[in-house]
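Worksheet: one structure, shown below.
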Ligand code: UT7
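In our numbering, the protein residues as written are 17 to 382.
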């Protein structure tokens, strides 16, 4: 208890790319994409940088939040900024440093965190543990009362626009959450983070992944796979493949063993949900909403079935966003708040899985 969700936000690029648009780029169809994934459109950034998207999402979370007296949150009161991304504008300075400067968070400690699509959960868990540590032993380090946690991605930079098996799945966007330490009040009840490093166990369980073919999210130099910048609109997307490097060593693209990730994902969601419930001593029946990483609607359906829950207990936002990696569950959380699906007192689980392989969950009381 103590670390409360005080605000959420999201920001999307202007350009919406439909499945029919994608069928003009690679051999695919609206029918295939909708049936296999639940995706209708994805937003693609042509003019917006990762910093632009992160800024929009962070401003929205700050705008939604008010302090104990009902006043807007002062940016100078933010003590910590964690940015989760696999597509930062620059590695150094970090994405968080760029965002801190843009937002004027002069007093915040800022750093990046890469846990691929699980970044949203890892970011919240790390921020919460830093807040808790500073609260338990005040004066021993940075006192952290308010933290901004922002997931922002421009996956279109690292998508292979010639590979229909992956390029239809991903989109760009940013999501954020403002965390505030409120002693004695509801908030984060438990967290769980995991990296699947026990290869023997995983392989014995039926080769969930093959090490030699699982470089999900490999990334190289900036711009290799970029659709041209500017206001070309869809022409930029169609021009994308022309920008693809033929040198495999410079290939920055997302590659993925889809079926194996699918199986891993379902198990990872079920495990992470069960662990956070157990750690908090909360029953699944007491959870109002599960907000999962949005990778594939079928993954969510399978996980729901395995947990014995109807899909209505899950926030499903993939149709409008596609998979935006570290931003995805944060944007879905913002959607859930905006739709009135989370009210004070509700118990909510955020759960994610991703490259690495990483997985995790956060259980909080709104
Ligand atoms: O963020 C975390 C990481 N990512 C994920 O969680 C993704 C997990 N995996 C998935 O969501 C699914 O495995 C995919 C959506 C990637 C693929 O769905 P699938 O039902 O596993 O399809 P598949 O890979 O088995 O492909 C089935 C067929 C193949 O054709 P053949 O061999 O049966 O003739 C593919 O070539 O569909 C074909 N195919 C496509 N057809 C039309 C693959 N991509 C496309 C496409 N359009 N875009």
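Even for Gly, the Cβ is constructed at its ideal location relative to N, Cα and C.
Cβ separation of residue i and residue j, assumed to be a contact under 8 Å, to the nearest whole Å
| i | j | result |
| --- | --- | --- |
| residue 140 | residue 89 | The pair is not a contact, with the Cβ atoms about 18 Å apart (cut-off 8 Å). |
| residue 174 | residue 270 | 5 Å |
| residue 35 | residue 56 | 6 Å |
| residue 23 | residue 77 | 4 Å |
| residue 203 | residue 69 | With 8 Å as the limit, residue 203 and residue 69 do not qualify as a contact, their Cβ atoms being about 27 Å apart. |
| residue 208 | residue 292 | 5 Å |
| residue 211 | residue 374 | 6 Å |
| residue 372 | residue 54 | Wrong, their Cβ atoms sit about 24 Å apart, outside the cutoff. |
| residue 273 | residue 362 | Contact flag wrong, Cβ pair sits at about 36 Å. |
| residue 310 | residue 348 | 6 Å |
| residue 159 | residue 105 | Not quite, the Cβ-Cβ distance comes to about 30 Å (not below 8 Å), so this is no contact. |
| residue 142 | residue 98 | 6 Å |
| residue 379 | residue 205 | 5 Å |
| residue 137 | residue 367 | 7 Å |
| residue 330 | residue 306 | 5 Å |
| residue 116 | residue 132 | Not really, about 23 Å apart at Cβ, beyond 8 Å. |
| residue 171 | residue 187 | 7 Å |
Cβ-based burial, residue i [other Cβ within 10 Å; buried from 16]
| i | result |
| --- | --- |
| residue 176 | buried |
| residue 355 | exposed |
| residue 322 | exposed |
| residue 376 | buried |
| residue 162 | buried |
| residue 103 | buried |
| residue 6 | Absent from the model: residue 6. The displayed extent of the chain is 17 to 382, so no value can be given. |
| residue 241 | Per-residue confidence for residue 241 stands at a pLDDT of 38, beneath the threshold of 50, marking its modelled position as unreliable; the derived number appears in the next sentence. Answer is buried; the Cβ neighbour count reaches 16. |
| residue 185 | buried |
| residue 196 | buried |
| residue 29 | buried |
| residue 381 | buried |
| residue 299 | exposed |
| residue 252 | Interpretation of residue 252 is limited by its pLDDT of 42, a score under 50 that renders its predicted location unreliable; no figure is taken from the coordinates. |
Cβ-heavy atom distance, residue i to the ligand NAP, below 6 Å
| i | result |
| --- | --- |
| residue 87 | No copy of the ligand NAP appears in this structure; the ligands present are the ligand UT7. |
Reference residue i, options the options, closest by Cα
| i | options | result |
| --- | --- | --- |
| residue 364 | 308, 321, 326, 52 | 308 |
| residue 342 | 50, 48, 101 | 101 |
| residue 121 | 327, 110, 91 | 91 |
| residue 181 | 206, 117, 44, 313 | 44 |
| residue 301 | 200, 320, 132, 351 | 320 |
| residue 111 | 82, 62, 367, 167 | 167 |
| residue 199 | 79, 279, 149 | 149 |
| residue 164 | 360, 287, 183, 119 | 119 |
| residue 324 | 286, 63, 352, 123 | 286 |
beta-carbon residue i near the ligand UT7 non-hydrogen atom, thresh 6 Å
| i | result |
| --- | --- |
| residue 48 | yes |
| residue 271 | no |
| residue 21 | no |
| residue 56 | no |
| residue 275 | yes |
| residue 133 | yes |
| residue 311 | yes |
| residue 339 | yes |
| residue 44 | yes |
| residue 370 | yes |
| residue 208 | no |
| residue 330 | no |
| residue 181 | yes |
| residue 52 | yes |
| residue 4 | Because the chain spans 17 through 382 in this model, residue 4 falls outside it and cannot be assessed. |
| residue 289 | no |
| residue 364 | no |
| residue 33 | no |
| residue 175 | no |
| residue 137 | no |
Would you mind listing the beta strand (DSSP E) stretches within the segment 323-352 that are 3+ residues and don't spill past its ends, in chain order? The DSSP assignment places no complete run of the beta strand (DSSP E) inside the segment 323-352 (cut-off: 3 residues).
Kindly provide the ranges of any alpha helix (DSSP H) runs that are 4 or more residues long and lie completely inside the segment 45-125, ordered along the chain. Secondary structure within the segment 45-125: the alpha helix (DSSP H) runs of 4 or more consecutive residues, fully enclosed, are 46-53, 66-80, 111-119 (chain order).
Return the chain-ordered ranges of every beta strand (DSSP E) run that is complete within the segment 133-176 and spans a minimum of 3 residues. Here the runs fully enclosed are 162-170.
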